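*Asks:*
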Amino acid sequence: MKSEKDRIRLKPWTCEINGGRVSLNISPSRRLLDILRDDLGMTGTKRSCDIGRCGACMVHMDGVPVNSCLVPAYQAEGRSVTTIEGIGRDGVHPVQQAFLEEGGFQCGYCTPGMIMTVIALLDEHPDPEPEQVEEALSGNLCRCTGYAAILRSVRRASERIIRERCGPGGKEDARI
Amino acid sequence: MLSRSSSGTRWRVRPDGPDKVTGQLKYLTDMSAPDMLYGRVLRAAHPHAAIRSVRTERALALPGVEAVLTWKDVPGLNRFGIARADQPVFCEDRVRYTGDAVAAVAAATPEVAEYALQLIEVDYEPLRVLTEPEEALAEGAPQLHQDGNLLHRSEYRRGDADEAFGMCAHIVEATYRTPRQMHTYMETEGGLFVPGEEGRLTVYSPTQHGLMDRLQLSRILAVPPESIRVVSSPIGGSFGGKDELNVQPYGALLARVTGKPVKIHQSRMESVRAGLKRHPMTIHMKTGADASGRILAHQVRVLADTGPYATLGAEVLNFATEHAVGSYAFGAVDAVSISVFTNNGMSGEFRGFGGNQALFALEGQMDRLAEALSMDPWEFRRINLLPADGTGPFGQPISATGGALKVWNALGESRLWREREHLTESGNRPPWIQTGVGAAFVMHGAGLGYGIPDPSGGRLLLAQDGKVEVAFGFEECGQGLLATLEQMLVEMYGLDASDLRLVIGDTDAVPDSGSSTASRATSMMWQALKRMQKPFTERLLAAAAEAASVSVECLRIGNGGIYDIYTQKRVMTYQELAAAGKDPIRAETSFAYPVSPTARIGAHYLYSYAAVCVRIEVNRLTGRIRLLDQFHAVAAGPVMNPQGYLGQIEGGSGMALGFTLSEDAVMEEGIYKTGNLDTYLIPTAADLAGPVEVLPIEDLPEGDEHGPRGIGEIGSVGLAPAIAAAVRQATGIWLEKLPANPALLQDASFLGRKGETV
Ligand code: FES
Ligand code: FES
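Chains A and B, in that order, are what the protein sequence lines are. Our numbering puts the last residue of the first sequence at 177; the count rises by one with no breaks. Our numbering puts the last residue of the second sequence at 741; the count rises by one with no breaks.
#1: Does any residue of chain A have a CB that is nearer than 9 Å to the CB of B/R41?
#2: Under a CB-based cut-off of 9 Å, is B/R197 close to chain A?
#3: Heavy atom of ligand 4 less than 8 Å from the Cβ of B/G637, yes or no?
#4: Please list the partners that B/N659 has in chain A, where partner means a Cβ-to-Cβ separation under 9 Å.
#5: For B/G59, I'd like the list of residues in its chain whose CB is within less than 7 Å of its CB, leaving aside the five on either flank, ordered along the chain.
#6: Could you tell me if the beta carbon of B/G331 falls within a distance shorter than 8 Å of some heavy atom in ligand 1?
#7: Beta-carbon of A/P95 versus every beta-carbon of chain B: anything under 9 Å?
#8: Output yes if chain B places a C-beta closer than 9 Å to the C-beta of A/Q76; else output no.
#9: Output, in chain order, the set of chain A residues within a Cβ distance shorter than 9 Å of B/P1.
#10: What do you reckon, are the CB atoms on B/A341 and B/A293 nearer than 9 Å?
#11: In chain order, which beta strand (DSSP E) runs of at least 3 residues are fully inside the segment 17 to 87 of chain A?
#12: Report the rounded CA-to-CA distance for B/V675 versus A/P13, giving the unit in angstroms.
#13: Note down, in chain order, each residue of its chain lying with its Cβ closer than 6 Å to the Cβ of B/K269, except the 5 sequence neighbours on either side.
#14: Pull the bridge partners of B/Y21 from the DSSP assignment, please.
#15: Quick one: is the Cβ of A/I52 within less than 8 Å of any heavy atom of ligand 1?
#16: Can you name the residues of chain B whose CB is closer than 7 Å to the CB of A/Q107?
#17: Within this structure, are the beta carbons of B/A668 and A/S139 separated by less than 9 Å?
#18: Report all residues from its chain with a CB closer than 7 Å to the CB of B/R141; omit the five preceding and five following residues, and keep chain order.
#19: For B/W743, which three-state DSSP category applies?
#20: To the nearest angstrom, how far is it from the Cα of B/L352 to the Cα of A/G147?
#21: Please indicate yes or no: does the CB of A/C55 lie closer than 8 Å to some heavy atom of ligand 1?
#22: Could you name the residues of chain A that B/Y168 contacts, counting a contact when the two beta carbons are closer than 8 Å?
#23: Go ahead and pull the three-state DSSP assignment for B/Y107.
#24: Per the DSSP calculation, B/G440 is bridged to which residue(s)?
#25: Can you tell me whether B/R603 sits near ligand 1, meaning its C-beta is under 8 Å from at least one heavy atom of the ligand?
#26: For B/Q626, would you say it is in contact with chain A, using Cβ-to-Cβ distances shorter than 9 Å as the test?
#27: Using a threshold of 8 Å, is the CB atom of B/L660 nearer than that to any non-hydrogen atom of ligand 1?
#28: For B/E80, does the three-state DSSP call read helix, strand or coil?
#29: Please say whether A/N19 and A/G87 have beta carbons closer to each other than 9 Å?
#30: Measuring only between beta-carbons, confirm whether B/Y10 sits less than 9 Å from chain A.
#31: Would B/A639 and B/L678 qualify as a contact pair, given that the criterion is a beta-carbon distance under 9 Å?
#32: Would the beta-carbon of B/D2 fall within 9 Å of that of A/G64?
#33: Mind checking whether B/G131 and A/F106 have CB atoms under 9 Å apart?
#34: Quick check: is any heavy atom of ligand 2 less than 8 Å from the C-beta of B/C151?
#35: What residues in the segment 274 to 294 of chain B bring their beta carbon closer than 8 Å to a beta carbon of chain A?
#36: Look up A/T118 in the DSSP assignment and say whether it is helix, strand or coil.
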């Protein structure tokens, strides 16, 4: 039951989300996080701190990781947004696979955001230095794992990606 | 050492993994329903005040608002609390902390709900705020409850401590202070509350014990428990923090009154304000030994700030007393602990359950006393560990595992502990970087302890569709309960994961297994599966023998169905067996967590043991401590699930790092100054990037009947004292107050090494 005032402030908004065009009538100050979760029902992106400190709401905007709780709709207008739902659509992404194999998650609430961050990191640095990993992950909090399993997952994902890209042809053995 | 590669095929992909890494898993706070309303709770504006009046008319008149509730709208008991129901659902005439609920609103949008909160008019008359337990106990302090400000007192005495201190050659005395640590589960409290036909209500909201929530809600709503269904898993982290009710009463009441689904998802700020924390404790200890290093006397005084209401404050205090006495062969003991009501935030259940605070102090004493005696801290502890394994801190009989000595010996032989002797004063490091190695020994009781009902149980059923359905009233908080359950059925029963359907977290579908707390769930699942194995297998085989007209001795159960033990061929699948059977094939068990034959309330029977060694580095210019390397030896019986075990120790230790170095929910005059994750600092990946070695010590004595001991908490208790010992070696400074934040170590004088205390 929106009030008259709310209705007047609504503006058409378009954005490319996971490769599809999305058009909505919304208040331009709404947060991307709320649009994803509440309007589009895409709840893979999580909400935890609302102030850009935890990374649970991490998505990619034009390929760059951003905290969607800090992105007002108008900033995302016309941009291309990728959420966890847009990852691994044609087969599990190597980063997701590495998290599964290493057990880089427990409650899993930080996991979508964490995976978005790691994908962005490995896209840029397929073979990152430990400092680069720590730096990249510094905005993603995890309360369950103590990070050790996450760091192992990152290493394993990096190895897998390097092998897939640069290895002597053929996919590697997918056994754990 | 435990790792993926050392575990071979026992390292499995978790059944809940694929949905977690793809974001497909629906947490209960992700749920929504058509036409749902948004619920919000009005929290107290003051930490302590009398309520003169509450006027809701303006809020109710706001378009879009469908309900505004106060205590007058609670049909049943306007109180909750697992152990003692003293916390108001809605306050009537007085608020005792800023998380107290005064009213709740349901509205069409979150914005309208938020605005409606501002339109509720509450007249308060502020009262004197009790911010310190000492102050609350002083003469003339306002009384927060009818019975006064003392929640609980727990005492333990053995021998004549005064006399024993008189015989000591060395006595050390220190006062330890521990922080108000926040659980900081990443998923804040919330859920969806859906009214149904015939007065039914479905509550989708995380909790560690669905049946307990159901019971508490039924009292509040004044309805039979069976009319409420609580769906309580999956959970985005809990660590004890969601065992007590949080938003469930408000969601349930709003859904009932409006007849519509209501969603609540607390903001982090509200979660901080209303939620539980670890009890801040001030622990004074005085411990003495004779000239040969034998401890003769130990005195303990614990003062805990329990906040405004009881929840499990008394039980936490009992646990702290038990673990402040610990596993050492003290001659005389004189322990007195008290837990006091204040107008600070709520304290309650939190992984470690009072053991974290107590063991930080106790191990600090061990290091101080060893040093006073000029003894090696490893040797000092070794000679003082309880010689007769099988006796608990209160002198009660316990299940002997030999774990204490085994973990301590393993630590003595560890690479990290041996490095201790070879740490040079500075090496190549700049002189302001100082490194140290430290160790601690800890034990941790599991189960609720003597005198507290602690039932458990489980159920197996061959379902109509041929799945073996296993049901427990436990919850998946992230610990990997589902993975462990699956792995136990695969390894103990020889079933395949695809044969199984795991049923948890739904009060309509599960038996009472007790709470997923106190490191008890894995032990209880193991025990239940062991008890049900024979009857369930026999029933399956008897039905198969009849259906296939073969002799039952020739059959066994296995992967995908029933096998002929001679030909090793499958005789029938579980689907075929289910289709053939007339009566459902099932097994059910119920029993209680084992307790010590004692009369001491809260005393435990099963303990886990751990020894922790760390290497740290202190930057004396910035005052920052960095954890570089960790070793954990853990004796807790057989490893049921290697990935889960490793995760519990690594994760528990990560949490303990925050407790030690950075975490403190700071309150001033009863108001949180650390309202969100920008000021409340939990460790990040950079803080925990160093190696972690976990050595499980699995062997149990011949004939042991209790199997795997709990490991959910033991990883979170040993790190703080180990770091404190390492800081002493590195800098000469004794840590007495946690968190050891940089300011503390910066302020301590640079060169004045020995004997300094911060
Ligand atoms: S919810 Fe966006 S960073 Fe925490
Ligand atoms: S897995 Fe629970 S917060 Fe990271």
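Think of the CB as a built atom: it goes at the ideal place given N, C-alpha and C, for glycine as much as any other residue. This one's a predicted model, so the numbers in the text were calculated from it and none came from an experiment.
*Replies:* Reading from the atomic positions:
#1: no
#2: no
#3: This structure lacks ligand 4; the ligands present are ligand 1 and ligand 2.
#4: C50, D51, I52 and R54
#5: R202, I203, L204 and A205
#6: no
#7: no
#8: no
#9: V93, Q97 and L101
#10: no
#11: 21 to 27, 59 to 62, 65 to 68 and 81 to 83
#12: 52 Å
#13: E156 and Q282
#14: B/A90 and B/K246
#15: yes
#16: G461, Q462, G463, G630 and G634
#17: yes
#18: A315, V316 and G378
#19: This structure leaves residue 743 of chain B out entirely; chain B is present only between -16 and 741.
#20: 32 Å
#21: yes
#22: C108, Y110 and R144
#23: strand
#24: B/S573
#25: no
#26: yes
#27: yes
#28: Before going on, a small fix: residue 80 of chain B reads as Tyr here, not Glu. B/Y80 falls in the coil class under three-state DSSP.
#29: yes
#30: yes
#31: no
#32: no
#33: no
#34: no
#35: none
#36: helix
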